[in-house]
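Each step along the sequence shown adds one to the number in numbering that gives the first Met the number 0, with nothing skipped, and position 21 is 20.
Working notes, beginning with the structure itself.
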Amino acid sequence: MSLHSTVKVTAQPQVKAARRCRVPRNVWLSGTILLVVLVVWWGVAALHWVSPLFLPAPQQVLHQLIIIASPQGFMNATLWQHLVASLGRIMAALLAAVIIGIPVGFAMGLNDTVRGILDPLIEIYRPVPPLAYLPLMVIWFGIGETSKILLISLAIFAPVTLSAMAGVRSVARVRVRAARTLGANRWQVLRFVVLPSALPEMLTGIRIGLGVGWSTLVAAELIAATRGLGFMVQSAGELLATDVLLAGIGVIAIIAFGLELGLRTLQRRLTPWHGVQQ
0 MSLHSTVKVT AQPQVKAARR CRVPRNVWLS GTILLVVLVV WWGVAALHWV SPLFLPAPQQ
60 VLHQLIIIAS PQGFMNATLW QHLVASLGRI MAALLAAVII GIPVGFAMGL NDTVRGILDP
120 LIEIYRPVPP LAYLPLMVIW FGIGETSKIL LISLAIFAPV TLSAMAGVRS VARVRVRAAR
180 TLGANRWQVL RFVVLPSALP EMLTGIRIGL GVGWSTLVAA ELIAATRGLG FMVQSAGELL
240 ATDVLLAGIG VIAIIAFGLE LGLRTLQRRL TPWHGVQQ
């Protein structure tokens, strides 16, 4: 065995070990920062530097969260009922945006005429905050679930569509020509060349869209909602129940972060080649 082969073989376990250590280190750093924030929060509340009306103590927020999760609940519903209502709206909106947005993005990426027609329309509505067209949703679709889901779906649609378009347009032309040279038809080129190459961008767009959807949730649940995390946060703000408000924000943050981690894991499994340094 040559010296080069020996160095290469011995280096591989070291690289793998370094990769295994990277995740615990990141988790440790994140946990440390979170702990520091909690300690500072607790100290500010314990020293009464800020009125409890504006910043209740962490233990008070936790106590209120336990009460909300109990049958006593908040605004005639428990935390779990609020959570199920919000997750149902978010997932329905995400599904609709993905089912419509990805094919539209593919069409825009593959056809200049389609892109010329749809891209200006998407870019015109994309910067508009959801609260601006909230009244229009109510006028057109009423105060039921349709208007809520549609509002969230519109917020998710743009990043999903534009990411799919960008993914398709980023496909190397040499791969397409090579596939056609080997006898692949149009469907096979889309299935085995374009889709795998565009998949990382598509999944990134879904992650971004899901984050935008959570930020739109509070606006959507202003439409005559009686359940939902956004409704709970909004109602707590109107009642000056800051502990409930912070508890609701914390639950939204935890659920959104959990979904983000799930999508990251899915992205790593489906596109293990993406982001790997050669």
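Here a beta-carbon is modelled for each residue, glycine too, at the ideal position from N, C-alpha and C.
Check your understanding: In whole angstroms, what separates the C-alpha of T264 from that of V193?
Key -> Here residue 264 refers to the residue found at position 265 of the sequence shown. Here residue 193 refers to the residue found at position 194 of the sequence shown. Rounded to the nearest angstrom, the two C-alpha atoms are 22 Å apart.
**Study point:** Which of helix, strand or coil DSSP assigns to L2
**Key:** Indexing the sequence shown from 1 puts residue 2 at position 3. Its pLDDT being 45, under 50, L2 is placed unreliably in this model, and the value from its coordinates should be taken loosely. Looking at L2 - three-state DSSP - the assignment turns out to be helix.
Check your understanding: Going by beta carbon distance, what residues of the same chain come within less than 7 Å of L149, once the five residues before and after it are set aside?
Key -> Working through the sequence shown from its first residue, we reach residue 149 at position 150. Taken in chain order, the residues that qualify are M136 and F140.
Practice item. For I278, I'd like the list of residues in its chain whose CB is within less than 7 Å of its CB, leaving aside the five on either flank, ordered along the chain. Key: Limits of the chain in this structure are 0 at one end and 277 at the other, which puts residue 278 out of reach.
Check your understanding: DSSP three-state call for G261: helix, strand or coil?
Key -> Stepping through the sequence shown from its first residue, residue 261 is reached at position 262. Three-state DSSP puts G261 in a helix.
Check your understanding: By the 10 Å Cβ neighbour count, where 16 or more other Cβ atoms means buried, how is E200 classified, buried or exposed?
Key -> By one-based count along the sequence shown, residue 200 stands at place 201. Flag for E200 reads buried.
Check your understanding: Would you say the region 71-86 touches the region 170-187, given that touching needs at least three Cβ pairs under 8 Å?
Key -> no
Exercise for review: Return the first residue and the last residue of the alpha helix (DSSP H) that A178 is part of.
Suggested key: In the sequence shown, residue 178 corresponds to position 179, counting from 1. Judged by DSSP secondary structure, A178 falls within the alpha helix (DSSP H) whose first and last residues are R172 to T180.
Practice item. Provide the residue span of the alpha helix (DSSP H) that contains F230, from first to last. Key: Taking the first residue of the sequence shown as position 1, residue 230 is located at position 231. Taken as a continuous stretch (DSSP letters only), the alpha helix (DSSP H) holding F230 covers L228 to E237.
Check your understanding: Is the distance from the Cβ of G100 to the Cβ of T160 below 8 Å?
Key -> Here residue 100 is taken as the residue at index 101 of the sequence shown, counted from 1. Here residue 160 is taken as the residue at index 161 of the sequence shown, counted from 1. Contact flag set, yes.
Check your understanding: When we look at the beta-carbon of A171 and count the other beta-carbons within 10 Å, is it buried (16 or more) or exposed?
Key -> By one-based count along the sequence shown, residue 171 stands at place 172. Answer is exposed; the Cβ neighbour count stays below 16.
Check your understanding: Cα-Cα, which of L130, S196, T31 and I248 is closest to Q63?
Key -> Residue mapping note: residue 63 aligns to position 64 of the sequence shown, counting from 1. Per the Cα distances, I248.
Review point. To the nearest angstrom, how far is it from the Cα of V113 to the Cα of A106?
Key: Taking the first residue of the sequence shown as position 1, residue 113 is located at position 114. Taking the first residue of the sequence shown as position 1, residue 106 is located at position 107. The straight-line gap from Cα to Cα measures roughly 7 Å.
Check your understanding: Straight-line CA distance for F156 to G42?
Key -> Stepping through the sequence shown from its first residue, residue 156 is reached at position 157. Stepping through the sequence shown from its first residue, residue 42 is reached at position 43. Rounded to the nearest whole angstrom, the CA to CA distance from F156 to G42 is 43 Å.
Point to revise | First and last residue of the uninterrupted alpha helix (DSSP H) at W272 | key: Mapped onto the sequence shown, residue 272 falls at position 273. Segment: none, W272 is in no alpha helix (DSSP H) and carries neither H nor E.
Point to revise | Cβ pair count under 8 Å reaching 3, the region 227-235 against the region 243-257 | key: yes
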